[in-house]
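Residue numbers (the working numbering): 76 to 269.
Note that beta-carbon positions come from the ideal geometry of N, C-alpha and C, so glycine has one too.
For reference, the structure is listed below as structure tokens.
Pasting the structure below:
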């Protein structure tokens, strides 16, 4: 976290990055890192996106501390990091896996930190989209208090990047073509509907 924060501040200070357009995104552990950055340093970010990543619970629990637009994309049939979260203790004690919240609870935590109201869920072709609108009076000094937190649960998708043409490793489940996660995330992070 300290390294990422220092990198962002360095890039802004040297005028290589616009402080109003700093985004983080990642897949799996990288997705969890993007969520952690958004939770702990929301004032540094204009938005965050995670594919197959969740917030940790237990001793390593992370709570969002302020409003920031966040998108969580998740495969409904993820066998590696289940939609419902990872249990504590892990199924295989030899694996150093942290317990996690469910994908929905991870998104809902950001919605709560952003003063969002009740979510609206709509079924779309091949996935379900749940949207929380961040409140205008949310604390934490967000630069986008009018943004959203979104959870997209992709049908028939595993621990994969939806829309990818790269075959996943064995045991990771199928890749869905119902959604192009790259375009969807870019639209979310840079569009007016964040």
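{"Check": "Contact belief for residue 110 with residue 130 at Cβ below 8 Å, rounded distance in angstroms", "Outcome": "5 Å"}
{"Check": "Status (buried if at least 16 other CB within 10 Å, exposed otherwise) for residue 197", "Outcome": "exposed"}
{"Check": "From 151, 187, 264, 265, residue whose alpha carbon lies closest to that of residue 250", "Outcome": "151"}
{"Check": "Of the residues 94, 236, 126, the one placed nearest residue 117, counting alpha carbons only", "Outcome": "94"}
{"Check": "Buried/exposed call for residue 266, threshold 16 Cβ in 10 Å", "Outcome": "exposed"}
{"Check": "Close Cβ partners of residue 255 (< 8 Å) along its chain, the five nearest in sequence each way excluded", "Outcome": "237, 238"}
{"Check": "Beta-carbon spacing of residue 153, residue 234 below 7 Å", "Outcome": "yes"}
{"Check": "Cutoff 7 Å; reference residue 119; Cβ partners in own chain excluding five residues on either side", "Outcome": "80, 83, 97"}
{"Check": "Given 8 Å, three or more beta-carbon pairs between the region 180-196 and the region 127-146", "Outcome": "yes"}
{"Check": "Ordered list of beta strand (DSSP E) runs contained in the region 125-188, each at least 3 residues", "Outcome": "145-150"}
{"Check": "Residue nearest to residue 132 in terms of C-alpha spacing, selected from 208, 176, 252, 242", "Outcome": "176"}
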